[in-house]
Each structure stands twice: as C-alpha cells, then as structure tokens.
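S.K.: Let me begin by handing over the structure; questions about it come next.
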Amino acid sequence: MRLRHEDQAKYTAYVLWLIGYSYQTIGKVLHLDRSQVGGIIQRSEYAGRTSMSRAQRAALLKELEEIRFEDGQPIDGGLLDRIEFEVL
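Anchor point for the sequence shown: position 40 equals 41 in our numbering, and the numbering is continuous, going up by one each time.
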C-alpha cells in the first residue's frame with residue numbers, strides 16, 4: 002500500500018504535536034499554514050493535548066513510533082529521523 006502525501010503530513014503533525022511543538026512550528030516543517038495544521042490536529046484523537054498527562058502523551062508517542070515504518074519505509078518520509086519521540 003502506498004501512502005498518500007497527506008498521510009505523511011498527518012503522521013508527522015501528530016508526532017510533533019504530542020512531543021510539544023506548536024501549530025506554527027509544525028507548519029514550518031510541513032510547509033503548511035498554521036490553520037491547516039490546526040485542522041489536522043483538531044480532527045484527530047490527539048486534539049486534547051493540554052488535558053493529557055505527560056505519561057498519556059508518551060504512551061501515544063510510543064504507539065506512533067511503533068507504526069512509523071511500513072514496508073521498511075518511514076511513514077514520515079524520513080522527516081522525523083533526527084527527532085526523539087519524547088514529550089518536551
């Protein structure tokens with residue numbers, strides 16, 4: 002199965018959001034407007050970051066890290082190669 006470009010953007014946005022980055026910073030990484038990033042996050046199960054404990058965020062990040070590779074290729078296209086999957 003080949004992932005669409007938007008799957009790559011969504012996955013990357015979810016990871017960076019759970020780590021603790023802002024819409025604006027995520028937008029710069031993905032070359033999207035802040036509002037586009039907001040839309041991706043708000044339509045996801047990760048929207049309530051502020052109401053999550055650090056442990057909850059860390060557990061969700063671990064789940065995302067575990068599914069990062071599909072057929073040996075990273076879902077994010079390698080954008081997250083240098084990112085630590087840890088809550089800031």
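Note that CB positions come from ideal geometry on N, CA and C, so glycine has one too.
Count the other CB atoms, across all protein chains shown, that sit within 10 Å of the CB of Ile-68; report buried if there are 16 or more and exposed otherwise.
M.R.: Position 67 of the sequence shown, counted from the start, is the residue given in the question as residue 68. Under this definition Ile-68 is an exposed residue.
S.K.: Out of Gly-21, Val-38 and Tyr-15, state which residue places its alpha-carbon closest to the alpha-carbon of Val-88.
M.R.: Taking the sequence shown and counting its residues from 1, one reaches residue 88 at position 87. Looking only at Gly-21, Val-38 and Tyr-15, the smallest Cα-Cα distance to Val-88 is reached by Gly-21.
S.K.: Taking DSSP's pairing of strands, which residues face Phe-86 in a bridge?
M.R.: Along the sequence shown, read from residue 1 onward, the residue named residue 86 stands at position 85. Paired residues: none, contrary to the question.
S.K.: Please name the residue, chosen from Thr-26, Leu-62 and Ile-76, that lies closest to Glu-7 on a Cα-to-Cα basis.
M.R.: Translated into the one-based positions of the sequence shown, residue 7 becomes position 6. The shortest C-alpha separation from Glu-7 is found at Ile-76.
S.K.: Would you mind reading off the limits of the alpha helix (DSSP H) that contains Glu-1?
M.R.: There is no way to answer for residue 1, as the model of the chain reaches only from 2 to 89.
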